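A.B. asks: Residue numbers (the numbering used here): 1 to 64. C-beta: ideal position from N, C-alpha, C; glycine also. None of these values were measured; they are calculated from a predicted model. Input: one structure, supplied below.
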């Protein structure tokens with residue numbers, strides 16, 4: 001799914017992750033997905049994949 005996001009949205013994953021990082025401070029996964037969908041007109045699947053990847057990378061940073 002992640003590999004198709006740049007083709008479908010015209011923006012690469014790093015750009016989407018930066019957008020989420022700079023967005024509102026939402027705590028719940030579904031809140032982040034809903035915000036991304038409404039704010040940037042993404043499908044549920046794309047928004048969910050972006051937020052999932054964002055959370056994985058954020059958790060990996062905390063481990064370092």
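Do residue 64 and residue 51 have their C-beta atoms closer together than 8 Å?
C.D. replies: no
A.B. asks: So is residue 49 buried or exposed if we call it buried at 16+ other beta carbons inside 10 Å?
C.D. replies: buried
A.B. asks: Between the Cα of residue 15 and those of 54, 62, 44, 61, spot the shortest distance and give me the residue it belongs to.
C.D. replies: Considering only alpha carbons, the answer is 54.
A.B. asks: Could you give the residue range of the alpha helix (DSSP H) that holds residue 25?
C.D. replies: Note, residue 25: premise wrong, no alpha helix (DSSP H); not H, not E.
A.B. asks: Just to check my reading of the structure: residue 5 and residue 46 have Cβ atoms closer than 8 Å, yes? What is that Cβ distance to the nearest angstrom?
C.D. replies: 6 Å
A.B. asks: With H, G and I counted as helix, E and B as strand and the rest as coil, what does DSSP make of residue 45?
C.D. replies: helix
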